[in-house]
Amino acid sequence: VAKIASDIDKPDGLREVRPDQVLTFLHALPVSRLWGVGDVTRDKLLAMGLTTIGAVARWPESGLRARLGDNTGAHLAALARGEDPRRVEEHDAPVSVGHQETFDDDIDDPGELAVTLLHQADRVASRLRGAELRARVVVLIVKYDDFRQITRRTTLDTPTSDGGVLARTAIELLSKVAIEPRRGGRVRLCGISATGLEPRDAPRQLGFDDAARARGERLGDTIDKLAARFGKATIRRAVHLPDDDPE
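Take any residue in the sequence shown, count from 1 to its spot, add 110: that is its number in our numbering.
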């Protein structure tokens, strides 16, 4: 029930279903909402005339077992009655959030790599905000065409979930990395990892640029909401638009 309620109210994922409301909540939903019901099982249930979870609950369990097999039939009958012995478990907090890309063609242009890092930083920042986290350490990963791999890292004065801050930091690290096409220095892979994570609501010491960083994070929050509603391509940095895009 917790999983279904969370899924229904995405992207916020918050809905309260009291114990006395469980069956009313469940029984109006389509059978595809039951955990473990894929396309094949859904089609079998529909062929039986069972379109809602309530219809499954009213169907004799023996009939479900006969049509779907003992294990699946018993499992779905229990779920339709609001019975689930599985515990709701909290997942361990991540220790890092990262994004990396292997290129089809090796790259030796620092500017092109910087554009890639900007995109990756935005992806990482969005995931940090989605998990209500900030990062204090930014790690740059570079793999060359001769399979050498290096990492460079720096610690921020203030933890952040602002993609602009992550990007500027990663690009600064990139500026200190040798890119030498004639000496096996073409880049095959690059990526960003954010570590030193802490809850976004954790107290932190205010700095001189804290107001600017707060504005960056609020902008990121707004972009996340727009992306959740209208799609990730709704807002893009100009540098990521195709050369022939009139917008």
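For every residue, glycine included, the Cβ atom is placed at its ideal position computed from N, Cα and C.
Applying the criterion that 16 or more other CB atoms from any shown protein chain within 10 Å of the CB defines a buried residue, is residue i buried or exposed?
{"i": "Val297", "result": "buried"}
{"i": "Thr270", "result": "buried"}
{"i": "Pro121", "result": "Residue placement at Pro121 is flagged as unreliable, the pLDDT there being 48, under the threshold of 50; a coordinate-derived value is accordingly withheld."}
{"i": "Leu336", "result": "exposed"}
{"i": "Val150", "result": "exposed"}
{"i": "Lys253", "result": "buried"}
{"i": "Gly123", "result": "Its pLDDT being 49, under 50, Gly123 is placed unreliably by the model, and nothing is read from it."}
{"i": "Ser236", "result": "buried"}
{"i": "Thr279", "result": "buried"}
{"i": "Asp180", "result": "exposed"}
To the nearest angstrom, report how far apart residue i and residue j are at their CA atoms.
{"i": "Asp232", "j": "Leu178", "result": "46 Å"}
{"i": "Val205", "j": "Ile251", "result": "17 Å"}
{"i": "Glu242", "j": "Gln230", "result": "18 Å"}
{"i": "Leu156", "j": "Pro140", "result": "10 Å"}
{"i": "Lys154", "j": "Glu193", "result": "22 Å"}
{"i": "Val234", "j": "Leu266", "result": "16 Å"}
{"i": "Pro255", "j": "Leu223", "result": "Just to set this straight, residue 255 is Asp in the shown sequence, not Pro. Looking at the two C-alpha atoms, the distance is approximately 14 Å."}
{"i": "Glu308", "j": "Ala176", "result": "51 Å"}
{"i": "Asp331", "j": "Ala304", "result": "18 Å"}
{"i": "Arg239", "j": "Gly221", "result": "27 Å"}
{"i": "Arg258", "j": "Thr268", "result": "32 Å"}
{"i": "Arg246", "j": "Asp215", "result": "32 Å"}
{"i": "Arg310", "j": "Ile260", "result": "30 Å"}
{"i": "Pro170", "j": "Asp130", "result": "23 Å"}
{"i": "Gln210", "j": "Thr134", "result": "45 Å"}
{"i": "Arg143", "j": "Gly295", "result": "51 Å"}
{"i": "Val248", "j": "Leu276", "result": "7 Å"}
{"i": "Ser306", "j": "Arg244", "result": "For clarity, residue 306 is Gly in the given sequence; the question names Ser instead. Going by the C-alpha atoms only, they are around 8 Å apart."}
{"i": "Glu327", "j": "Thr226", "result": "21 Å"}
Just confirm the distance between the C-beta atoms of residue i and residue j, as a whole number of angstroms; I'd bet it's less than 8 Å.
{"i": "Leu189", "j": "Leu174", "result": "Actually they do not touch by this definition, with Cβ atoms about 11 Å apart."}
{"i": "His137", "j": "Thr161", "result": "Incorrect: roughly 11 Å between the Cβ atoms, too far for contact."}
{"i": "Arg152", "j": "Ala167", "result": "Not quite, the Cβ-Cβ distance comes to about 16 Å (not below 8 Å), so this is no contact."}
{"i": "Leu283", "j": "Thr264", "result": "6 Å"}
In terms of DSSP beta bridges, what is residue i paired with?
{"i": "Arg239", "result": "None; Arg239 has no bridge partner."}
{"i": "Gln230", "result": "None, per the DSSP bridge assignment."}
{"i": "Ile260", "result": "Val252"}
{"i": "Leu299", "result": "Thr212, Lys253"}
{"i": "Ile217", "result": "Val297"}
{"i": "Ser172", "result": "Per DSSP, none; premise fails for Ser172."}
{"i": "Ser206", "result": "Thr305"}
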